[in-house]
Amino acid sequence: MGRLIVIEGLDGAGKRTFANGITAELTARGHSVARAAFPRYTEDIHGELIGEALRGGHGDLGDSVYGMAVLNALDRRAAAAALRDDLRAHDVLLLDRYVASNAAYGAARLHQDSSGDFVAWVQELEVSRFALPKPDLQILLQVPTEVAARRAEHRERTEVDRQRDNFESDAELQQRCGEVYAQLAAAGWWSPWLVVDGSGQVDFAGIVDEHVLA
Ligand SMILES: Nc1ncnc2c1ncn2[C@@H]1O[C@H](COP(=O)(O)OP(=O)(O)O)[C@@H](O)[C@H]1O
Ligand SMILES: Cc1cn([C@H]2C[C@H](O)[C@@H](COP(=O)(O)OP(=O)(O)O)O2)c(=O)[nH]c1=O
Numbered sequence: 001m002g003r004l005i006v007i008e009g010l011d012g013a014g015k016r017t018f019a020n021g022i023t024a025e026l027t028a029r030g031h032s033v034a035r036a037a038f039p040r041y042t043e044d045i046h047g048e049l050i051g052e053a054l055r056g057g058h059g060d061l062g063d064s065v066y067g068m069a070v071l072n073a074l075d076r077r078a079a080a081a082a083l084r085d086d087l088r089a090h091d092v093l094l095l096d097r098y099v100a101s102n103a104a105y106g107a108a109r110l111h112q113d114s115s116g117d118f119v120a121w122v123q124e125l126e127v128s129r130f131a132l133p134k135p136d137l138q139i140l141l142q143v144p145t146e147v148a149a150r151r152a153e154h155r156e157r158t159e160v161d162r163q164r165d166n167f168e169s170d171a172e173l174q175q176r177c178g179e180v181y182a183q184l185a186a187a188g189w190w191s192p193w194l195v196v197d198g199s200g201q202v203d204f205a206g207i208v209d210e211h212v213l214a
């Protein structure tokens, strides 16, 4: 079985860039890597609806914390069989966002912390009821909120189809979300966590040696 490695962090933290760096390091050493990113905006009907709701579609759906979280959970549930296939076929399956994104963003939107009802509800739904594949490691790519916001703005200007959605433009929400992520990591929520400082150069070789393949 391959190792399931999840990358979490704020919008604009640099998750995709980090995933590219880890993938390059692993493939250079001859390891096979599968990748997925949630939400699956173009591959799954739940993901498609999430994208539309994030941009104001479907009435007040985007305002509903539980509604959006259910859609995100169903997107992952629909992906579970493919994730298991990837884990059988590859050395590493690298995910850009997973269940902890639901926990961190929902709790932050509701002004709860990681010990509140919302995180417990996510755990009950996605971990217990949907029995999604458990990560071997969740990596929190941690950057100051202002840095993440600047990067997201830069990305919006320079990349096609990477416009910021309603959450991404809300600085206070991002700040609270970063705090919940830090609590989840400190508590070892669902799996071991590694917190990586994403504000400067990242030591991909060291992280692969000590954490991804360990
Ligand atoms: N370590 C880094 N230092 C400087 N800029 C970065 C770094 N990582 C990512 N970026 C830039 O920040 C922006 C957002 O990165 P991205 O990987 O798309 O973030 P995310 O997937 O977390 O939203 C991109 O323009 C990217 O080039
Ligand atoms: C995967 C996932 C994302 N989210 C949130 C985080 C982001 O604010 C938003 C969209 O994800 P994001 O990774 O920002 O997508 P993009 O490719 O557009 O940058 O949805 C959840 O609330 N729950 C989830 O399960």
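Residues in the sequence shown are numbered consecutively from 1, following the UniProt record's numbering. Every residue, glycine too, gets a C-beta built ideally from N, C-alpha and C. A quick note: this is a predicted structure, and the numbers were derived from the prediction, not measured.
- For Trp121, the three-state secondary structure derived from DSSP is helix.
- Residue pairing by DSSP places Trp193 opposite Gln138 in a beta bridge.
- Around the beta carbon of Ser32, a 10 Å sphere encloses fewer than 16 other beta carbons of the protein chains shown; the residue is thus reported as exposed.
- Residue pairing by DSSP puts Arg3 in a beta bridge opposite Val92.
- Around the CB of Ser114, 16 or more other CB atoms lie within 10 Å, so the residue is classed as buried.
- Residue pairing from DSSP places Arg35 in a beta bridge opposite Leu94.
- Taken atom to atom, the span from the alpha-carbon of Asp136 to that of Asp96 is near 14 Å.
- Per the coordinates, the alpha-carbon of Trp189 lies some 33 Å from the alpha-carbon of Gly57.
- Leaving aside the five residues that flank Arg150 on each side, the residues in its chain whose CB is nearer than 8 Å to its CB run, in chain order, Gly12.
- Contact between the stretch 175 to 187 and the stretch 53 to 69 is absent: fewer than 3 CB-CB pairs across the two stretches fall below 8 Å.
- The beta carbon of Tyr66 sits no closer than 6 Å to any heavy atom of ligand 2.
- With a cut-off of 6 Å, the C-beta of Thr17 is classified as near ligand 1, since at least one heavy atom of the ligand falls inside that distance.
- Taking C-beta atoms under 8 Å as the contact rule, Val208 and Glu25 qualify, at a distance of about 5 Å.
- The three-state reading of DSSP puts Glu168 in coil, since its state is none of H, G, I, E or B.
- Under the three-pair Cβ rule at 8 Å, the stretch 154 to 165 does not count as touching the stretch 98 to 117.
- Relative to ligand 1, the beta carbon of Asp11 is positioned inside 6 Å of a heavy atom.
- Here Gly2 is not near Leu83, since their CB atoms are 7 Å or more apart.
- Counting only residues of its own chain and dropping the five nearest sequence neighbours on each side, Asp165 has a CB closer than 7 Å to the CB of Leu54 and Arg55.
- Inclusion of Arg97 in the 6 Å shell around ligand 2 follows from its C-beta lying nearer than that to a non-hydrogen atom of the ligand.
- Bridge partners of Glu8 according to DSSP: Leu140.
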